[in-house]
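Remarks on the structure that follows.
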Ligand code: SF4
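Protein chains in written order, with our numbering: chain A, 1334 to 2050; chain B, 6 to 192.
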């Protein structure tokens, strides 16, 4: 790992966290965005729409050479001059040369992320050409000498007072910090630029192979002016913008503004084909098609889905990490989840190395992406690539490779740790303070201790009186349930026994491998997958149940992926995947049972926290709510119930504790505001985080796993 | 959808995005509306439908100041532009305007007010239904500039506050006029 780079990055995080105003603005935007987006998609089947876009974009990727040739042919037929630029330098040279040859002094630019990607303005400045950004947000950040912090709203990190000051420097007056006035100033100041400029540069949202034309999706109207008034129009277009037909273009346009800002449609969609009239003559239209890493991306089996992206920016809008630190920290040129991936391919792995670890893995982006990209999956892959290139750090490496892969050693070390923690835990179940060096761990939350006896020792001693069991299920405990909260496992046994199910605990099971995978150690994750598949299938259980959705997703999705190229294991991994589910879904959907309220007279109020991997991984969220309500709990929904709790495993302990702290704070505020007495969840990881944070804040809300709450009802019958 | 439903849906969507929507049965009434609202020099680019109607004549009669050429010179001072729509899209309240002729583009991008006349028979349901017409327009003139216009120019680039009229028109007036033209290829 590159120490200096990491230090700089950590410093940027601290600086961002010191700006609560930015966080507040991004949170507010995130909330408002979800409301308007829901409104814009009302009555439409988002899942169907995004599958359609994903499939269309994959077709483009597979036929890209033919479609690109078709586009270029058609564009040339209509008088456009087309240049295919392999690299950023190539594109810059072409445009800068052209500007010089035509004696261009001023360029009117409309918003183009591709031009940010290649640093086009710098290349033009080098040959003495002044590029003026005319998009309001872009102009603001150009005046401020910054880079965009969001793909759709480049100046989202700035406030009107700052804008007023920047504009005041341009006009020489003191400009009042009123938004309508500032917009007016921009209109007046930039108006003449369109007339002065000898060249207009735009991007394009879509390039249509069928016609050789482009489409621009905009709100301000500056792109229309930049494409109309100057004699020369250069459209800089990433080759991933290609679609086969006009109908395909219409499908992208149907989704893009809705998912970007919650608008039904932008004020303008501009379709340009060929060299249109300009003044007395004809426009000189250049279309510069930019590759710059996109073909390489198309060849990467793990990452190529990222080419489906239509640049709506939504993956940032909903990202709790983005909302906490903003796009200048969580991004390079492209920001947010897609930014991590594009940075790796367009700007180099080194530029992506820090931000690839900044993803907390909550999958909020995956759920919102209109192009059906598994952003988290690709980010995890890139993390392991960088882990292999740069190493994952000596300490982690020893833990994963030497310890976790050796189950007996791992488990005996955990037992030893249980004894070693005694001096700090003082025999309690939580640790409130840690000695100086580790004290930051417990500054804003308490930590649970490692249980004296793990579940694997306790469970076999529990007598299970189930006559003619309906099913025999294997219980995959996962580290949290096994070593931290063994009592939760015993609750599971009691509840399932009551419903006529026998439970056993396969001794040979090991960690699900997610901590290693998230840290970039794929090799260990694969090894653990093999160990677990073998252990869990050994006695041919009817089902495998868990209390941890992260483990569920490991067993159901990741093991299959890890072992798919290994003929000895692939089939077994699939068999395991089919049998595995979390306990709430098992009770509700397989057993079709409920735990009745029993003699509970007063009903306790519960608010439910959706664990990221349960809701967006396994698609389970109604089941635990239904079980709790049937059991007589009164459900009081909190705001943003499905937002991440900030845990993220090692994310909250070692890689990004300051970001976790903020995300957890948001969640605890939402829990408190719900007014419920109990917060329920289906994940030991969330429980570690929320119990600890609630306790540290001294809030009288109990945090519990759904299975614990159900077990409590059994006692009341 | 029946044409009445399309019209209703279009009207609602257009109003939602901030357009003014007015109904007229006579060209004279439309001219009166424009002359009341224009606020000065009006750019009138070539448009077969508007010429048939002699909208320019009607406006002149009302004493309006019109320009029909040299838009590059006069446009920066003109507060209003008039155009005829090719057709409209109901679900997003969108006007589709073939703007290949530069005069049309200048008249509809630079002034603060844009008046666009539309025959209520020329409304399609949604963006996909518009595509066959887009294709025909582009085939007819392979070098073309086609504009979808939904409401006035807008920005939310400062603190996410929606603000109208940044670079393009601040007002979009849609004048629905019976019997204007039923030809989607004509504006
Ligand atoms: S990855 Fe998906 S959500 Fe993110 S910008 Fe691209 S299309 Fe939008």
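Ideal Cβ positions, reconstructed from N, Cα and C, are used throughout, including at glycine.
Could you check whether residue j and residue i sit closer than 9 Å to each other, using their CB atoms as the reference points?
i              : j              : result
residue 50/B   : residue 109/B  : yes
residue 95/B   : residue 67/B   : no
residue 113/B  : residue 102/B  : yes
residue 1875/A : residue 1957/A : no
residue 159/B  : residue 1425/A : no
residue 71/B   : residue 77/B   : no
residue 1450/A : residue 1680/A : yes
residue 1605/A : residue 1576/A : no
residue 1673/A : residue 1712/A : yes
residue 1519/A : residue 1559/A : no
residue 1499/A : residue 1513/A : no
residue 79/B   : residue 179/B  : no
residue 1737/A : residue 1593/A : no
Establish whether the CB of residue i and some CB of chain B are separated by less than 9 Å.
i              : result
residue 1493/A : yes
residue 1478/A : no
residue 1657/A : no
residue 2002/A : no
residue 1609/A : yes
residue 1592/A : no
residue 1863/A : no
Is residue i helix, strand or coil by DSSP?
i              : result
residue 1818/A : coil
residue 1941/A : strand
residue 1869/A : helix
residue 189/B  : coil
residue 138/B  : helix
residue 1777/A : coil
residue 1338/A : helix
residue 1634/A : coil
residue 1498/A : helix
residue 31/B   : coil
residue 1664/A : strand
residue 40/B   : helix
residue 1611/A : strand
residue 1507/A : coil
residue 1838/A : coil
residue 176/B  : strand
residue 1468/A : coil
Please confirm if residue i has its CB atom under 9 Å from at least one CB of chain A.
i             : result
residue 153/B : yes
residue 46/B  : no
residue 145/B : no
residue 172/B : yes
residue 28/B  : no
residue 161/B : yes
residue 86/B  : no
residue 164/B : yes
residue 16/B  : no
residue 135/B : yes
residue 157/B : yes
residue 53/B  : no
residue 150/B : yes
residue 107/B : yes
Determine whether the Cβ of residue i lies closer than 9 Å to any Cβ atom of chain C.
i              : result
residue 1555/A : Checking the listed chains, one finds no chain C in this structure; the protein chains it contains are A and B.
At a threshold of 8 Å, does residue i count as lining the ligand NAP (C-beta to nearest heavy atom)?
i              : result
residue 1632/A : Among the ligands in the structure shown, the ligand NAP does not appear; only the ligand SF4 can be found there.
- Are the stretch 1994 to 2006 of chain A and the stretch 1796 to 1808 of chain A in contact at 8 Å, needing three or more beta carbon pairs? no
- Which runs of the alpha helix (DSSP H) spanning at least 4 residues fall entirely within the stretch 63 to 130 of chain B, listed in chain order? 76 to 79 and 107 to 114
- Item | Residue ranges of each alpha helix (DSSP H) within the stretch 1527 to 1602 of chain A, 4 or longer | Every alpha helix (DSSP H) stretch that sits fully inside the stretch 1527 to 1602 of chain A and reaches 4 residues is listed by chain position as 1555 to 1561 and 1579 to 1594.
- For the stretch 1986 to 2035 of chain A, list the alpha helix (DSSP H) runs that are entirely contained and at least 4 residues long, ordered along the chain. Those alpha helix (DSSP H) runs which fall completely within the stretch 1986 to 2035 of chain A and span 4+ residues are 1990 to 2007 and 2017 to 2030.
- Query: Quick one: any contact between the stretch 1377 to 1387 of chain A and the stretch 1603 to 1622 of chain A, if contact means 3 or more CB pairs under 8 Å?
  - Reply: Counting Cβ pairs under 8 Å, fewer than three are found: no touch.
- Message: Is it the case that the stretch 1624 to 1639 of chain A contacts the stretch 1698 to 1715 of chain A, given that we only count it when at least three CB pairs across the two stretches are under 8 Å?
- Response: yes
- Task: Would you check if the stretch 1814 to 1822 of chain A and the stretch 1777 to 1795 of chain A touch, i.e. whether three or more CB-CB distances between them fall below 8 Å?
- Result: yes
- Three CB pairs or more closer than 8 Å across the stretch 1336 to 1353 of chain A and the stretch 1615 to 1630 of chain A: In this structure the stretch 1336 to 1353 of chain A does not touch the stretch 1615 to 1630 of chain A; the number of beta carbon pairs closer than 8 Å is below three.
- At a cut of 8 Å, does the stretch 1362 to 1371 of chain A reach the stretch 1567 to 1583 of chain A through at least three beta carbon pairs? no
- Message: With three or more C-beta pairs closer than 8 Å as the rule, is the stretch 1594 to 1601 of chain A touching the stretch 1395 to 1412 of chain A?
- Response: no
- Query: Below 8 Å, can you find three or more Cβ-Cβ pairs linking the stretch 1837 to 1855 of chain A to the stretch 1713 to 1723 of chain A?
  - Reply: yes
- the stretch 1643 to 1661 of chain A / the stretch 1477 to 1492 of chain A touching (three or more Cβ pairs under 8 Å): yes
- Message: Check whether the stretch 2034 to 2041 of chain A and the stretch 2005 to 2013 of chain A are in contact - that is, three or more C-beta pairs closer than 8 Å.
- Response: yes
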